[in-house]
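The structure under discussion appears below in the form of structure tokens.
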Amino acid sequence: MFLLVLAGFLVAAIAPGVERVTGRLAGVVLAAAPLTLFAMLLRRAELLEPGGRIEAGGAIRETLHWAPQLGAQLSFRLDGLSLLFALLITGIGGLITLYAGSYLQGHPARGRFFAWLMVFMASMLGLVLADNVISLIVFWELTSISSYFLIGFDHAREAARRAALQALLTTSAGGLAMLAGLVVMAVAGGSWEISELLEQGETLRGHSLYPAMLLLILAGCFTKSAQFPFHYWLPNAMEAPTPVSAYLHSSTMVKAGIYLMARLSPALGGTQLWFAILAIVGGATMVIGAYLAIRQTYLKRILAYSTISALGVLTFLLGLGAAGGEAAAGGAAPVETEIAVYAAQAFTVFLLAHAFYKATLFLIAGSVTHAAGTADVRRLGGLAKAMPLTALAAGLAAFSMAGFPPSFGFLSKELLLEATLKQPSLAILTTAAALLGGILFIVVSGLVAFGPFFGRRQTESPPADASSPTEASPHEVSFPMWIGPLLLGGAGLVCGVLPHGIGEHVVAPAVTAVLGADQLVPIELALWHGFNLPLLLSTIAILTGVGLYVLHPQVSRLLQSGDAAHRFGPEAWYHGGLEGLLAVARWQTGLLQNGSLRAYLRTVLLTAIGLLGWTLLRVDSLPLGIGPWPEKPEEWFYANSYRLAVAGMILLGAVGAVHSGSRLTAIASLGVVGYGVALIYALYGAPDLAMTQFVVETLTVLLFVFVFYYLPNSPRQSTPAHRLRDLLIAVAAGAVMSLLVLVAARVQIDGRISGYFAANSVDVGHGRNVVNVILVDFRALDTLGEITVLAVSALGVLALLKLRPRREKLS
Amino acid sequence: MEWIISIVVGGLYAAGFYLLMRRSLVKVVIGLVLLSQAANLLIFTAGGLRSSQAPLVPEGAKVPPEGFADPLPQALILTAIVIGFGVIAFTLALFQVAYKRVGTDDLDQMNSTDT
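Chains as they are written, first to last, in the working numbering: chain A, 1 to 811; chain B, 812 to 926.
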């Protein structure tokens, strides 16, 4: 399985080259890669073979050591649920690649497009196959990043860039929360392998951090799967080329969050909290998404909102099936088990049906826009004659989406209603929500698939965006562009009419995995359930839906009027948050990074005063090396008078250097300070230092005089208030340094190094001045470095003073 | 006697920092000199002001007499003094050239790379 994922990434690497070589046929050639992966997955899963483990409700597991000491493994696990997703990813991926080859024919960046598409596919495949928490997160983030490049593919347009950034920021913010949640879960469950964590369901649910981990993980799933209130990024992601939209919406990206919730439901599901969050958020998303969808007039936007609604349905179903693993494993009331099985079954069937028809409808939307030159449903109509095959595919998909018999969608709707009706509590509310969603879906399917092909145009006026070509002569699209929709649309019908096969081989293992049951949960899918309540409700829904569709022009106008709510919706929060973040960034940059060196210096000094002062004051056992007050102050004063005199001389010199307005006075004061310091060296047993200091100080003063002599005296440049502020900071810093000296003087220094130098100076270094011997013998390399510094400095001075840039010589 | 030196060190640091925060580049350079003096004295004091006896070995002896001053900080400071001189010399040359080009020593007017 690792090889399958790796192969996906390798294809991505060579995709641009292949695209260049194969030219027109690039789509066909590259589509072979996902379809091959599809076939290999079927083989690996031993599907349709007698004794296949996955069909029996089992799993195949592979582990590759990556960083085992960190718990990070490249382990992969194929069971019913991941197989279902993997087949959708590769199968639909293949058809989409085929379609994209023609759709983007002649586009200069088609090679790059294919590369990102393949990276995206491989990441998605890795995500659904991963069995290790860390690898799962890595693949999860890879899908975020590659979708960023796909949505922003048309990067010359600002709208595309903004949509891509919005998708990335929203999903990766959720991804960060999810990362924390998954780590908490792994630590609580004591394993980094998901399959092991699934066994720990009871421990996890009983853990004190359960609400935290659940909320964090769900934050990641909800942002990724565009649940309300994070749904805003998905319609904007329509800026992507149509094949990408089709792929993102049908089987990848937004399904990643759904997948993770389904994957973890045996471990985390089954609690009141899980039920409350998923059912409420899912139900709200379902209704709000569908409502927003029928307000739209552009094909892709209608479809986008309907996807949000469908994702709401899936989340809702996962919430309803909350009885989950515990119930199936035994101990729970039979009713709850039954609901759980129904919900999981409805979830799986709806997932499949939705993937089939949503991919179809998006691809058709692309074809229609391609062929007719507009995407406004009010200006489309009667295309069936010109595009018979596309129209056929559209009809099939619309049937499934609307839930008309005998499509697969009908089946999923029946199961959904069964699941809601069986709820012990809130049955009426959940059924009503499901019914409302179903009705709106019928309207949507009429709008996107029936109207453009079989309906009449509502308006003849030219499109508002004059740049798009007017609908000159709609024509049928080429083979690669109708085969995919037709196959997928047909699949929706075939699965509906003959549900037994897919139910046994694909749905049942997936349901088993969602429930976390040990043994295969037997599933009997059938189109006809007899005359029962769900059928009655379906009929009502169909009649209402069709009625609403017929009245859509009026309804749509009515809905347009209530636009004010939009400005305060979640998308406004996103923009507000982003602007707030930028404002804070600008404010703090202006405050801290204002470009003034003196401001930086003040910041550094204040920080140092704070940190150093705090640390020094924490050092215990003051008083420091001050010693007791002398018994006879006069004697002490006479004994130390020369020391005090030197100290006073240095301090006076420092004050002079600071205070003097005249440069020469300042330089003279500097000299006083330097000679004073030399005297201190002389007083405390360092004649070498004193001599060096005398010489250097003399030279320094001379240099200063040479440089400053010709400068005019400048008046004070700062205001008194600034001078006072700087003075306070400087005095505080000086006080901290004084304290540092006192603390440092108390520290006992290990005398071994000095002792060694003193003991060996004569014998080894053949010198009687220990300091000298250290410099030229023991630490001779240091001195060599010092000489080098001086030489470089001298060269620099020479270059500055003597050399002139060439242009100056010329002038 | 450390407390006397500690006041000297603190005073030199305060003066140096204050001058570093001036707008006039002349004062900044003077501040730099004061800072390096302060740092040298800090190391000197931290090494211990135990003795006025220089670490010299008298004729005929193998080691310095008991109670000699620690030679190690002295060696370090000797290096620091010389390198500090090199830095100051370079800074002054740089300052002179900059002043010639820009015509001012006000740092607030040296805010562009064009001369």
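Glycine included, every Cβ here is placed at the ideal spot set by N, Cα and C.
C-alpha gap between residue i and residue j, whole angstroms
{"i": "B/F777", "j": "B/Q885", "result": "An answer regarding residue 777 of chain B cannot be provided, because it is not within the stretch 812 to 926 covered by chain B."}
{"i": "A/L781", "j": "B/V893", "result": "15 Å"}
{"i": "A/L384", "j": "A/V244", "result": "The question names Leu, but residue 384 of chain A in the sequence shown is Ala. Going by the C-alpha atoms only, they are around 25 Å apart."}
{"i": "A/A464", "j": "A/G175", "result": "The predicted model places A/A464 with a pLDDT of 46, which falls under 50 and marks its position as unreliable; any figure quoted below should be read in that light. Taking the straight line joining both Cα atoms gives about 39 Å."}
{"i": "A/A163", "j": "A/L537", "result": "39 Å"}
{"i": "A/A186", "j": "A/L179", "result": "10 Å"}
{"i": "A/T788", "j": "A/V797", "result": "14 Å"}
{"i": "A/A572", "j": "A/L582", "result": "15 Å"}
{"i": "A/L10", "j": "A/P34", "result": "12 Å"}
{"i": "A/S839", "j": "B/R834", "result": "There is no way to answer for residue 839 of chain A, as the model of chain A reaches only from 1 to 811."}
Chain-order list of residues whose beta-carbon lies under 6 Å from that of residue i (same chain, five-residue window excluded)
{"i": "A/G503", "result": "I523 and L525"}
{"i": "A/M261", "result": "C221 and L318"}
{"i": "A/W233", "result": "Q166, A167 and T170"}
{"i": "A/A310", "result": "H354"}
{"i": "A/P534", "result": "E414, L417 and E418"}
{"i": "A/A398", "result": "S445, A449 and F450"}
{"i": "A/A56", "result": "L520"}
Chain A within 8 Å of residue i, Cβ atoms only
{"i": "B/P866", "result": "yes"}
{"i": "B/V936", "result": "With chain B covering 812 to 926 only, the question about residue 936 of chain B has no answer from this structure."}
{"i": "B/D916", "result": "yes"}
{"i": "B/P876", "result": "no"}
{"i": "B/G897", "result": "yes"}
{"i": "B/G859", "result": "yes"}
{"i": "B/G871", "result": "no"}
{"i": "B/L845", "result": "yes"}
Residue-chain proximity (residue i, chain B), Cβ-Cβ < 8 Å
{"i": "A/A735", "result": "yes"}
{"i": "A/A645", "result": "no"}
{"i": "A/G796", "result": "yes"}
{"i": "A/F757", "result": "yes"}
{"i": "A/R663", "result": "yes"}
{"i": "A/V604", "result": "no"}
{"i": "A/F694", "result": "no"}
{"i": "A/R752", "result": "no"}
{"i": "A/F704", "result": "yes"}
{"i": "A/F139", "result": "no"}
{"i": "A/A668", "result": "no"}
{"i": "A/D465", "result": "With a pLDDT of only 45 at A/D465, under 50, the local geometry of the prediction cannot be trusted, and no value is derived from it."}
{"i": "A/Y684", "result": "yes"}
{"i": "A/L775", "result": "yes"}
Residue i Cβ short of 7 Å to the ligand HEM heavy atom set
{"i": "A/G174", "result": "Judged by which ligands are present, the structure shown has none, so any question about the ligand HEM falls away."}
Residue i vs residue j beta-carbon contact at 8 Å
{"i": "A/T337", "j": "A/V507", "result": "no"}
{"i": "A/T285", "j": "A/Q227", "result": "yes"}
{"i": "A/T170", "j": "A/F120", "result": "no"}
{"i": "A/M481", "j": "A/Y210", "result": "no"}
{"i": "A/F706", "j": "B/V837", "result": "no"}
{"i": "A/K358", "j": "A/T307", "result": "yes"}
{"i": "A/K422", "j": "A/I540", "result": "no"}
{"i": "A/F356", "j": "A/A491", "result": "yes"}
{"i": "A/F350", "j": "A/S265", "result": "no"}
{"i": "A/D154", "j": "A/E239", "result": "yes"}
Own chain, CB closer than 7 Å to residue i, minus 5 neighbours either side, in chain order
{"i": "A/L801", "result": "none"}
{"i": "B/G859", "result": "D881"}
{"i": "A/L182", "result": "V133, I137 and I217"}
{"i": "A/V5", "result": "A122, L125, G126 and L129"}
Chain-ordered chain C contacts of residue i [CB-CB under 8 Å]
{"i": "A/Y642", "result": "Checking the listed chains, one finds no chain C in this structure; the protein chains it contains are A and B."}
Neighbourhood of residue i by C-beta, 8 Å cutoff - its chain only, sequence neighbours within 5 removed
{"i": "B/V840", "result": "I899, T902, L903 and F906"}
{"i": "A/V770", "result": "F757, A758 and S761"}
Practice item. Check whether the region 500-513 of chain A touches the region 374-394 of chain A, counting contact only when three or more Cβ pairs, one atom from each stretch, lie closer than 8 Å. Key: Cβ pair count under 8 Å is below three, so no.
Point to revise | Three CB pairs or more closer than 8 Å across the region 845-853 of chain B and the region 816-825 of chain B | key: yes
Point to revise | Touching by the beta-carbon criterion (3+ pairs, under 8 Å), the region 242-260 of chain A and the region 268-283 of chain A | key: no
Review point. Does the region 890-898 of chain B touch the region 824-842 of chain B, meaning 3 or more C-beta pairs lie closer than 8 Å?
Key: no
Point to revise | Validate contact between the region 773-780 of chain A and the region 642-652 of chain A using beta carbons, cut 8 Å, 3 pairs | key: Contact between the region 773-780 of chain A and the region 642-652 of chain A is absent, because fewer than three Cβ pairs lie under 8 Å.
Review point. Touching or not, the region 15-26 of chain A and the region 73-89 of chain A, by the rule of three or more beta carbon pairs under 8 Å?
Key: no
Check your understanding: Are the region 125-139 of chain A and the region 156-163 of chain A in contact at 8 Å, needing three or more beta carbon pairs?
Key -> Here the region 125-139 of chain A makes no contact with the region 156-163 of chain A; the two share fewer than three CB pairs at distances below 8 Å.
Check your understanding: Is the region 692-705 of chain A in contact with the region 861-871 of chain B, if contact means three or more CB pairs nearer than 8 Å?
Key -> no
Check your understanding: Any chance the region 576-592 of chain A sits against the region 480-494 of chain A, with 3 or more Cβ pairs inside 8 Å?
Key -> no
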